[in-house]
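Numbering (the numbering used here), first residue to last: 939 to 1197.
For each residue, glycine too, the CB sits at the ideal point set by N, CA and C.
Right, one structure below, let's go through it.
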Amino acid sequence: MAVTDVLARRATLSRSLRLLSEFRYEQAQPARFYGTLAADTAAMVCDLWRGMHGESPVGRTLLDVGGGPGYFATAFADAGIRYIGVEPDADEMHPAAPTCTQSSGAFVRASGMALPFADDSVDICLSSNVAEHVPRPWQLGAELLRVTRPGGLAVLSYTVWLGPFGGHEMGLSHYLGGERAAARYARKHGHPAKNNYGSSLFAVSAADGLDWAASTGTLVAAFPRYHPRWAWWLTSVPVLREFLVSNLVLVLRPQPPLD
C-alpha cells in the first residue's frame, strides 16, 4: 500500500471546496479558519502515518515547527498525539490561548532553522506553511529530518511562489515580481505587508522542494495539499506545477544509518 492511499480516500473535491470556502474567514474569524485547517492537517498526518505504518499514531510525539498560536495543538491533542509546538515569534503564540489548554501540548520559543532538540527525538515532525517564510528553506527541512526518528514521518508543506496564493496578502500582484508587489502593497495600505517579500516571504518553487527532497533519499510521496486526488498528477509536470500546485506536501521517511 502506498503511503498516501489512506489520505487519497479523503482527498475529495468536496473537501477541497470546503477548505477554499473557509479561507475567506482567515482575517475576520481566524479561529474558524485555522481551526478548520488544523483539523484537516491532523487528519492528513494521521492518514499518512497509517499509510506508512498500518496503525494509528495515537500516543506518538509530534513536533510542529512554526506551530503558531495553538490551533494545531488542540487538533493533534484531540487525535491523541503528544504535541510540541515550536514558534520563534512570541506574538504568534498568543491568539489561540483561550482555546488551547495546557493539556493540548508543550510550546517552545525557538527557530526552526536550529531546533533545540536532540537527533532522532520525535516520531513525527511537521512544518506547515513555514518554508516560504525563511531564507534557507532546505536548512529547515534538514532540521526536520534530523530530529525525526528513523522510520518516522516528516511532513514539509509550503506555499509555492508562482501559485495563486504565493503572494499571501499581496494577492495576485506577486506575478509582477516580489519587489513590485511589496511596494504596491505598502503604497496602498501605508505599511509593509506582514508577509513582506525579501524579509518574511521568499520565492520557493515546487521544483526546488522536489529536488531537495529527492537529494535526501527520504522522499516517499509528494502531492498538492488542497487538491482532490484526481488532480495530484499536477505535481509531476514541470512548469505547470509551479502555477497550479498552490501548496506542495513533501512526505519524508528518515532511514536508519547504514552499518
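Could you pull the start and end residues of the beta strand (DSSP E) that residue i belongs to?
i	result
residue 1044	1044-1046
residue 1061	1060-1066
residue 1186	1185-1190
residue 1012	From DSSP, residue 1012 is part of no beta strand (DSSP E) but of the alpha helix (DSSP H) over 1009-1016.
residue 1002	999-1003
residue 1020	1020-1024
Do the CB positions of residue i and residue j come within less than 9 Å of each other?
i	j	result
residue 1188	residue 1157	yes
residue 1186	residue 1162	yes
residue 1053	residue 1085	yes
residue 1011	residue 1045	yes
residue 1144	residue 1179	yes
residue 1076	residue 978	no
residue 1192	residue 1089	yes
residue 1136	residue 1120	yes
residue 1190	residue 1083	yes
residue 1096	residue 1069	yes
residue 957	residue 974	yes
residue 948	residue 981	yes
Taking residue i and residue j to be in contact with their CB atoms under 8 Å, please state how far apart those CB atoms are, rounded to whole angstroms.
i	j	result
residue 1000	residue 1060	7 Å
residue 1024	residue 1003	5 Å
residue 997	residue 1018	7 Å
residue 1043	residue 1014	7 Å
Which first and last residues belong to the alpha helix (DSSP H) in which residue i is found?
i	result
residue 963	It is not in any alpha helix (DSSP H) - residue 963 carries neither H nor E in the DSSP assignment.
residue 944	943-946
residue 1181	1178-1182
Minimum length 4: unbroken alpha helix (DSSP H) runs contained in the region 1079-1165:
Those alpha helix (DSSP H) runs which fall completely within the region 1079-1165 and span 4+ residues are 1116-1127, 1144-1154.
Given 8 Å, three or more beta-carbon pairs between the region 940-952 and the region 982-1000:
In the pairwise beta carbon analysis, the region 940-952 is classified as touching the region 982-1000: at least three pairs are separated by under 8 Å.
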